[in-house]
Amino acid sequence: MYVRYGLQAGDNAPNETVQMWLDFALSSVERGRSAVAAMGGRSVFGAARVLDVGCAYGGFLVAAAEAGARLLAGIDLNDELLSLARLQLADYQITATLDRLDVTSPDVVDGLGRFDVILCNDVLEHVVDPEAAAAHLTALLDEGGSLFLQIPNGRSVDFMLRDGHYGLFGITLLDRLRAERVWAGSFSDTYGVEHYAPLSYYLDVFSQTGLSVRLLNKPPDDLEALVEDLGRRFDELEEALAALSPAEDDPDLVEEMRRRGHHEIEAFRHQAGLYGASVVGAEKSIIARSLWSTYELTFWELIGRKLIR
Ligand SMILES: C[S@@+](CC[C@H](N)C(=O)[O-])C[C@H]1O[C@@H](n2cnc3c(N)ncnc32)[C@H](O)[C@@H]1O
Numbered sequence: 653m654y655v656r657y658g659l660q661a662g663d664n665a666p667n668e669t670v671q672m673w674l675d676f677a678l679s680s681v682e683r684g685r686s687a688v689a690a691m692g693g694r695s696v697f698g699a700a701r702v703l704d705v706g707c708a709y710g711g712f713l714v715a716a717a718e719a720g721a722r723l724l725a726g727i728d729l730n731d732e733l734l735s736l737a738r739l740q741l742a743d744y745q746i747t748a749t750l751d752r753l754d755v756t757s758p759d760v761v762d763g764l765g766r767f768d769v770i771l772c773n774d775v776l777e778h779v780v781d782p783e784a785a786a787a788h789l790t791a792l793l794d795e796g797g798s799l800f801l802q803i804p805n806g807r808s809v810d811f812m813l814r815d816g817h818y819g820l821f822g823i824t825l826l827d828r829l830r831a832e833r834v835w836a837g838s839f840s841d842t843y844g845v846e847h848y849a850p851l852s853y854y855l856d857v858f859s860q861t862g863l864s865v866r867l868l869n870k871p872p873d874d875l876e877a878l879v880e881d882l883g884r885r886f887d888e889l890e891e892a893l894a895a896l897s898p899a900e901d902d903p904d905l906v907e908e909m910r911r912r913g914h915h916e917i918e919a920f921r922h923q924a925g926l927y928g929a930s931v932v933g934a935e936k937s938i939i940a941r942s943l944w945s946t947y948e949l950t951f952w953e954l955i956g957r958k959l960i961r
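Following the numbering used here from start to finish, the sequence shown increments by one per residue and tops out at 961.
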């Protein structure tokens with residue numbers, strides 16, 4: 653994993669962003685274990701046929717094997733990552749079928765078989781056609797099967813301040829082409845994020861494939877403190893947008909970041925105002941939970957079940 657970033661095992665990363673990528677790569681088994689536990693662990697994975705879509709380093713397949721899966725398959729577009737997955741699986745003495753396949757290609761539905769559990773962690777934001785991906789994920793799932801998705805929330809206030817892929821300010825507020833222009837100021841390989849869509853988009857896309865998907869994340873107990881804390885971070889966002897310098901930076905990018913940023917700030921403050929003004933407990937709780945899933949959660953964890961007809 654270190655070699656991928658031009659480092660030797662145990663080296664310090666040259667900056668916070670490379671450290672973030674290394675941590676992500678090195679924690680794949682641990683992150684896989686959390687996802688497996690969030691889905692129900694052995695009761696869901698025991699004797700299951702499991703497919704990891706966008707399996708990269710293979711850690712989620714390791715976690716599925718530990719929870720008793722009987723058949724493991726992984727697909728990814730990237731050959732280098734598939735090789736790392738092979739090494740990791742060999743370290744754990746786990747047998748899995750790994751293929752270089754694109755989840756948006758119709759070929760994926762033929763030849764892989766059907767699965768009881770499909771994992772798709774931090775992948776959908778990278779695919780050009782999420783609707784095709786959703787249709788294929790649902791088709792690959794057997795009746796009664798479960799799908800786990802983790803998707804980053806570009807409107808979370810933390811990711812607006814510093815995105816989870818490159819550690820850049822404001823990039824999640826922009827459309828694909830503008831985001832790439834911001835990214836090109838700091839990086840030179842390939843910009844990899846296709847889109848940041850709202851939660852309602854993903855729920856809708858999957859419901860159109862016949863899969864009902866729900867959020868696994870649990871809201872905090874103290875919703876009052878959550879709304880206050882979000883308010884402080886939106887103040888921080890407002891200050892950071894004001895501090896951007898159009899003269900030095902690309903004026904169109906700064907203008908667009910400010911326009912979209914202020915739209916989110918106003919939308920948040922409007923909802924926070926309704927929360928503060930409401931005296932009805934149930935209504936307060938609905939508003940606060942909506943603020944939580946829209947602006948607090950950095951990643952949505954979702955589970956979908958394919959009903960038995
Ligand atoms: C951010 S990584 C996540 C990797 C892994 N799921 C994890 O959480 O450690 C996204 C992965 O999705 C893969 N990917 C992107 N688009 C894909 C596609 N259309 N079909 C299959 N894999 C894809 C990438 O090559 C990459 O390995």
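Just so it is clear, CB atoms sit at the ideal spot from N, CA and C, and this is done for glycine as well.
For residue i, which of the options has the nearest alpha-carbon?
i    : options                : result
S798 : P758, V696, V681, H788 : V696
D815 : L733, Q660, L949       : L949
S859 : A786, L729, S945, Q923 : A786
G892 : I823, V780, Y947       : Here the sequence assigns Ala to residue 892, which means Gly is not the residue at that position. If we check each option's Cα against that of A892, I823 comes out closest.
Q923 : F886, G837, P758, V857 : F886
E953 : L771, D759, H778       : L771
R752 : L729, G684, G698       : L729
G806 : L793, L826, H788       : L826
D759 : L882, A791, R911       : A791
V879 : L905, Y744, L943, S680 : L943
A836 : H778, M812, L905, S808 : L905
E783 : D754, T861, G706, R828 : T861
E890 : R921, P903, D873       : R921
CB residue i to CB residue j, shorter than 7 Å?
i    : j    : result
A677 : Q671 : no
L733 : A708 : yes
L713 : A742 : no
I746 : L776 : no
V845 : L855 : no
I939 : Y927 : yes
G711 : G692 : no
T669 : Y818 : yes
V761 : A700 : no
A689 : L868 : no
K958 : L793 : yes
R941 : P871 : yes
G956 : L863 : yes
T756 : D781 : yes
A687 : F800 : yes
E907 : R830 : no
In this structure, how does DSSP classify residue i when only helix, strand and coil are distinguished?
i    : result
F697 : helix
A665 : coil
D754 : coil
D810 : helix
F839 : coil
L959 : coil
E846 : coil
S735 : helix
Y853 : helix
H817 : coil
G933 : helix
A719 : coil
V780 : coil
G822 : coil
Identify the residues that DSSP records as bridge partners of residue i: which are they?
i    : result
L801 : C772, L954
I913 : The question names Ile, but residue 913 in the sequence shown is Gly. Answer is none; G913 lacks a bridge partner.
L867 : L954
D704 : G726, L771
T946 : None, per the DSSP bridge assignment.
T749 : A725
L793 : F767
Compute the beta-carbon to beta-carbon distance between residue i and residue j, rounded to the nearest angstrom, for a pair I have assumed lies under 8 Å.
i    : j    : result
A737 : G726 : 6 Å
G917 : E795 : Correcting the residue type first, residue 917 is Ile in the shown sequence and not Gly. Wrong, their Cβ atoms sit about 45 Å apart, outside the cutoff.
S937 : L875 : 6 Å
M812 : G913 : 7 Å
V705 : L789 : 7 Å
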